[in-house]
Amino acid sequence: MTWETVIGLETHVELATKTKIFCSCTTQFGGAPNTHCCPVCTGMPGALPVLNEKVLEFAVKAGLALNCEIRPKSRFDRKNYFYPDLPKAYQISQLYLPICYDGAVDIGGGKTIRIHEMHMEEDAGKLVHDPWLDQTRADYNRCGVPLIEIVTEPDFRSAEEVVAYLERLKETLQYLGVSDCKMQEGSLRCDVNLSVRPAGSTELGTRTEMKNLNSFKAITRAISYEARRQIERIEEGKRVIQETRRWDENKDATYAMRSKENAQDYRYFPEPDIPPLELSEEYIEGLRASQPELAQAKRARYQADWGLPVYDTEMITSQKALADFFEEVVALGAHPKQASNWIMGQVLGQLSTHGLEAKDMKLTPATLARLIALVQEGKLNRNTAVKVFEAVFADDGDVDAYIKEHGLAQVSDTALVTTVVEQVLSDNQKSVEDFKSGKEKAFGFLVGQVMRQLKGQASPAVVNQLLREKLSS
Amino acid sequence: MELYELTALELAQKLHSGEVTQQEAVEAARARIDAAQRSNNAFLTLTDPAPAADPSASPLAGVPMAYKDNICTRGVATTCASKILEGFVPCYDATVVERLTAAGAVSMGKLNMDEFAMGSTSETSHYGPVKNPWDLTRAAGGSSGGAAAAVAAGEVWYAIGSDTGGSIRQPAAYCGVTGMKPTYGTVSRYGLIAYASSLDQMGPIAKSAADCAAVLDLIQGKDPRDGTSLDAPAGGLLSSLTGDLRGKKIGLPADCFGQGLDPEVRAAVLAAAEVLKARGAQVEEFALPVMEYVVPTYYIIACAEASSNLSRFDGVKYGWRAEDYEDLTDLYCKTRTQGFGSEVKRRILLGTFVLSSGYYDAYYKKALQVKALIKKAFDEAFAKYDLLLTPVAPTTAPKLGESLTDPLKMYLSDIYTVSVNLAGLPALSMPCGFDGKGMPIGAQLIGPALGDGVVLNAAHAFQLDTGWHKKSPKGGDAQ
Chain U
1 MTWETVIGLE THVELATKTK IFCSCTTQFG GAPNTHCCPV CTGMPGALPV
51 LNEKVLEFAV KAGLALNCEI RPKSRFDRKN YFYPDLPKAY QISQLYLPIC
101 YDGAVDIGGG KTIRIHEMHM EEDAGKLVHD PWLDQTRADY NRCGVPLIEI
151 VTEPDFRSAE EVVAYLERLK ETLQYLGVSD CKMQEGSLRC DVNLSVRPAG
201 STELGTRTEM KNLNSFKAIT RAISYEARRQ IERIEEGKRV IQETRRWDEN
251 KDATYAMRSK ENAQDYRYFP EPDIPPLELS EEYIEGLRAS QPELAQAKRA
301 RYQADWGLPV YDTEMITSQK ALADFFEEVV ALGAHPKQAS NWIMGQVLGQ
351 LSTHGLEAKD MKLTPATLAR LIALVQEGKL NRNTAVKVFE AVFADDGDVD
401 AYIKEHGLAQ VSDTALVTTV VEQVLSDNQK SVEDFKSGKE KAFGFLVGQV
451 MRQLKGQASP AVVNQLLREK LSS
Chain Y
474 MELYELTALE LAQKLHSGEV TQQEAVEAAR ARIDAAQRSN NAFLTLTDPA
524 PAADPSASPL AGVPMAYKDN ICTRGVATTC ASKILEGFVP CYDATVVERL
574 TAAGAVSMGK LNMDEFAMGS TSETSHYGPV KNPWDLTRAA GGSSGGAAAA
624 VAAGEVWYAI GSDTGGSIRQ PAAYCGVTGM KPTYGTVSRY GLIAYASSLD
674 QMGPIAKSAA DCAAVLDLIQ GKDPRDGTSL DAPAGGLLSS LTGDLRGKKI
724 GLPADCFGQG LDPEVRAAVL AAAEVLKARG AQVEEFALPV MEYVVPTYYI
774 IACAEASSNL SRFDGVKYGW RAEDYEDLTD LYCKTRTQGF GSEVKRRILL
824 GTFVLSSGYY DAYYKKALQV KALIKKAFDE AFAKYDLLLT PVAPTTAPKL
874 GESLTDPLKM YLSDIYTVSV NLAGLPALSM PCGFDGKGMP IGAQLIGPAL
924 GDGVVLNAAH AFQLDTGWHK KSPKGGDAQ
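Going down the list, the sequences are from chains U and Y.
The opening residue of the first sequence carries number 1 in my numbering; numbering runs sequentially from there.
The opening residue of the second sequence carries number 474 in my numbering; numbering runs sequentially from there.
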């Protein structure tokens with residue numbers, strides 16, 4: 001029998017607001033334990049939550065980008081459970097009236113993933129086990145960091161689709177500037193709901209929920225493991241138990257955490273400390289109008305307007321800062337394809353050498369645009385330009401000053417080049433004869449000799465032209 | 474006349490003129506506390522007040538007062554009269570405390586109460602019951618029993634209490650003082666340890682409506698730290714007290730004067746209506762049938778919120794922790810089983826039940842729907858009337874020990890006060906007579922939302938023509 005895997009995703013994304021969702025403590029990652037805290041986020045008696053307006057704005061922007069409906073009247077609810085990383089013993093979340101619902105994400109290949117809902121909530125703290133003292137300690141720095149949880153319909157059929165969706169989600173949220181989506185720091189976390197059914201069946205099988213998946217690799221492996229586990233169980237005549245399972249990265253397997261029978265009753269009820277949210281039409285439309293152009297739209301535009309190959313557009317839009325950089329270089333007069341070549345080659349190369357992301361790069365679009373212009377105008381040899389680029393990259397140095405200081409300007413004095421060409425021809429009679437007897441390779445050698453004499457600063461086109469003239473005369 | 478017999482405003486006047494020094498006022502308060510504490514148990518913590526408040530900081534600058542022990546005070550133990558918060562010292566001041574301190578308030582300490590404000594007699598305190606200064610064998614009422622008793626006994630000139638279902642008004646009535654629960658959202662709840670967040674509101678207990686107005690002028694107003702705080706105009710209540718009731722229409726809900734109401738209480742409240750009429754108000758009876766549903770609605774909503782609000786007291790972060798626990802669950806269970814008193818546990822269990830899956834719709838959701846109906850019924854009443862007049866409680870203060878044996882009866886005694894919290898309205902309790910046993914009777918004035926000034930003005934008018942609020946318990950201290 002062939003089996004179909006059916007997957008739904010719950011993704012938690014930390015929002016990149018400066019301060020927490022209900023107080024003004026910093027959201028910065030790390031920090032000495034319990035130093036990013038106040039009475040509100042540590043749930044001290046009598047302290048009250050007040051919604052950070054920026055969180056609402058980021059959530060609505062994310063919802064709009066995921067093609068969601070925005071609920072004009074929304075509210076928070078309390079999810080009650082005891083755990084030492086949750087100092088109030090309830091999490092402020094949204095169950096009954098989430099801020100966004102009914103969205104859709106195009107993951108390419110003609111496939112669309114439906115978004116069931118998206119809501120705002122607060123993150124919990126972290127428990128740190130001290131093996132030396134055999135004690136568990138609570139660090140509340142992360143308490144109250146704003147999250148959005150995005151819940152999809154069970155629309156995925158493979159791990160590849162899940163990864164494509166997460167890539168698209170990550171790209172979208174980064175373009176919006178609402179999250180940095182760093183999986184390794186936990187700012188994007190995923191729970192996978194998975195069931196299997198005979199191919200062609202329309203009924204859903206019993207699902208399990210997998211937690212603790214913090215890399216694309218873990219997600220891919222966990223999906224393949226869990227699908228196989230469920231299929232094997234069913235083929236052995238056993239039933240799949242609805243339960244929460246934990247992915248163990250080291251053992252490459254999932255383990256049962258708790259079954260549905262033992263599921264907690266969270267006793268959700270409307271949060272009385274935060275008044276219901278009422279979003280005006282103007283507020284929502286204002287945010288819609290200020291949405292930035294997203295990567296997908298940029299790729300389409302680069303192809304349509306500038307004829308860039310698909311590969312180029314994907315490379316350039318891989319980071320929003322890179323796409324912004326590219327557009328500014330083009331706006332400063334650079335030919336789009338040339339700008340693209342420089343970015344895919346030299347810019348990404350230098351970023352990788354320096355271990356930087358595009359947003360942290362000091363190099364300005366004007367510097368690259370100037371280099372491209374100098375090459376275009378024949379004032380700088382392409383190879384020399386690359387050397388100049390590498391020299392000025394780290395500190396956004398002055399291109400013209402560097403060229404002048406190092407005497408790198410291209411020799412465009414034809415008389416000088418002619419003298420050198422004549423000298424080289426008379427010094428290399430053997431090669432001249434070889435060329436004349438049909439050995440094209442000798443021509444390259446002669447070009448190299450001329451360029452060497454001119455310290456590489458001559459225009460290869462001019463050297464070629466003069467050499468051919470002299471050789472044929 | 475002794476200093477303790479003055480109202481807060483009268484004392485402030487003398488402080489301002491220099492006739493009395495702050496030191497003398499504090500010493501007078503301390504002497505009264507020393508004399509009364511052993512008998513009425515009104516205080517849980519006494520502090521050494523810092524004098525030298527700027528005498529011109531506010532109309533009440535330099536006047537000794539105290540806070541109910543569920544209001545956070547930086548550096549001063551705040552226990553909610555519960556074992557589970559033993560040793561808890563807040564690292565911050567409630568907004569109300571900040572505002573009053575800035576206004577030159579002089580705090581003498583923290584006041585006894587029902588544990589976590591759950592109770593109607595201040596007998597559920599882990600630190601022993603508060604006794605009524607009028608009769609030490611009787612309850613002071615609750616949950617702000619310490620606040621009402623301390624003001625009645627002349628230990629402080631005013632106190633800040635909290636009112637979730639009548640916890641300011643009912644003890645004020647039992648102790649013969651004036652207490653006001655302002656409109657929900659007009660006093661910041663930041664720093665009030667929550668019982669039922671959607672119903673809790675802090676307010677003054679004092680010797681007169683004018684004193685209450687002066688206190689509210691200092692503590693009302695928008696607070697960015699409380700999301701439910703209203704952006705309504707604040708201040709000016711004291712200066713607006715004219716005592717003029719001409720043209721005001723006062724409604725008497727017939728449903729608050731029927732079965733279960735003590736005849737002496739009924740007679741005293743109806744007599745109060747006559748006083749208001751003589752001041753120019755029109756008084757008439759009307760039907761308010763939603764009264765039948767207010768007690769069950771209140772207890773479902775209050776207990777539901779309480780079950781969540783009190784979850785944070787788990788022995789992990791602060792307060793009291795059980796000994797000899799085996800693991801995390803055992804730590805939670807033992808701490809909460811041994812740390813909370815039985816009334817608190819009863820309400821946590823009730824609240825947990827009504828929020829449980831399968832019961833939420835039948836209880837909690839339905840209660841919210843009834844709450845909306847109650848609010849609508851009051852809105853309709855205020856379309857016709859400027860104020861409503863009712864009793865505060867069906868009887869005067871009960872004997873200590875009588876109430877806790879029958880919690881249902883105790884819950885039913887909240888009938889006249891809880892509807893006000895469900896509808897978020899302002900209401901005031903004022904002394905309007907004594908019963909045959911010499912215990913004070915209270916009348917309740919209820920106003921429309923943000924009609925705090927109307928309520929205070931009517932009470933002020935009543936107090937201009939009556940002397941009930943000027944009566945002190947015999948000697949006011951140990952009897």
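The C-beta atom is built at its ideal place from N, Cα and C for all residues, glycine as well.
Keep in mind that this is a model prediction, so the values were computed, not measured.
Asked	Found
Beta-carbon gap between Leu584(Y) and Ser512(Y) smaller than 9 Å	no
Partners in chain U for Ala567(Y), counting only beta-carbon separations shorter than 8 Å	Gly46
Where Ala550(Y) sits in the DSSP three-state scheme	coil
is_contact[Arg267(U), chain Y] using C-beta, thresh 9 Å	yes
Any C-beta of chain U under 9 Å from that of Thr701(Y)	yes
Ranges of the beta strand (DSSP E) found wholly within the stretch 747-830 of chain Y, counting only runs of at least 3	755-759
Contacting positions in the stretch 774-799 of chain Y - beta carbon closer than 7 Å to chain U	Ala777, Glu778, Ser781, Ser784, Arg785, Asp787, Val789, Lys790
Residues bridged to Ser876(Y) [DSSP beta-bridge criterion]	None; Ser876(Y) has no bridge partner.
Pair within 9 Å by beta-carbon distance, Met44(U) and Tyr791(Y)	yes
Segment contact flag, the stretch 869-877 of chain Y with the stretch 587-595 of chain Y, C-beta cutoff 8 Å, min 3 pairs	yes
Whole-number beta carbon distance between Leu734(Y) and Val444(Y), since they are thought to touch under 8 Å	Residue 444(Y) is absent from the model: chain Y starts at 474 and stops at 952.
Inter-residue Cα distance where the pair is Val493(Y) and Phe58(U)	58 Å
Interface residues of chain Y facing Gly43(U) [CB-CB closer than 7 Å]	Arg785
Nearest candidate by alpha-carbon position, reference Thr770(Y), set Ile888(Y), Ala705(Y), Leu861(Y)	Ile888(Y)
Test: Asn67(U) CB closer than 9 Å to a CB of chain Y	no
Same chain, Cβ closer than 7 Å to Ala502(Y), five either side skipped, listed in chain order	Pro537, Met581, Glu628, Val629
Chain Y contact residues for Val50(U), given Cβ-Cβ distances below 8 Å	Pro697, Arg698, Asp699, Gly700
Local Cβ density within 10 Å of Tyr540(Y), reported as buried at 16 or more and exposed below that	buried
Where the stretch 555-589 of chain Y meets chain U: residues whose CB sits under 8 Å from a CB there	Leu558, Phe561, Pro563, Cys564, Tyr565, Ala567
Any non-hydrogen atom of the ligand SAM closer than 8 Å to Val891(Y) Cβ	With respect to the ligand SAM, the structure shown offers nothing to examine, as it has no ligands at all.
Amino acids of chain Y, ordered along the chain, whose beta-carbon sits closer than 7 Å to that of Met89(U)	The question names Met, yet the displayed sequence has Ala at residue 89(U). Those are Ser784, Arg785, Asp787, listed as they occur along chain Y.
Whole-Å CB distance - Phe22(U) paired with Val50(U), under 8 Å assumed	6 Å
At least three beta-carbon pairs within less than 8 Å, the stretch 437-448 of chain U to the stretch 360-380 of chain U	no
Coarse secondary structure for Gln952(Y), derived from DSSP in three states	Residue placement at Gln952(Y) is poorly supported in this model, since its pLDDT is 39, which falls under 50; the coordinates are not used for a value here.
Three-way DSSP call (helix, strand, coil) for Ala508(Y) in this model	helix
Selection from Asp797(Y), Asp803(Y), Tyr836(Y), Asp673(Y) that minimises the alpha carbon distance to Tyr766(Y)	Tyr836(Y)
Met344(U) versus Pro309(U) - alpha carbon distance	12 Å
Backbone CA spacing between Glu571(Y) and Val55(U) [nearest angstrom]	29 Å
Option in Thr659(Y), Leu476(Y), Asp636(Y) with minimal Cα separation from Ile544(Y)	Asp636(Y)
Members of the stretch 818-834 of chain Y near chain U, C-beta cut-off 8 Å	Thr825, Leu828, Ser829, Ser830, Tyr833
Beta-carbon proximity of Val192(U) to Leu176(U), cut-off 9 Å	no
Residue-level contact to chain U via CB, Gly897(Y), 9 Å cutoff	no
Separation of Gln410(U) from Glu293(U), as counted between CA atoms	40 Å
Nearest to Ala373(U) (by Cα), restricted to the options Ser426(U), Val330(U), Tyr402(U), His354(U)	Val330(U)
C-alpha distance - Leu711(Y) paired with Thr480(Y), whole-angstrom precision	14 Å
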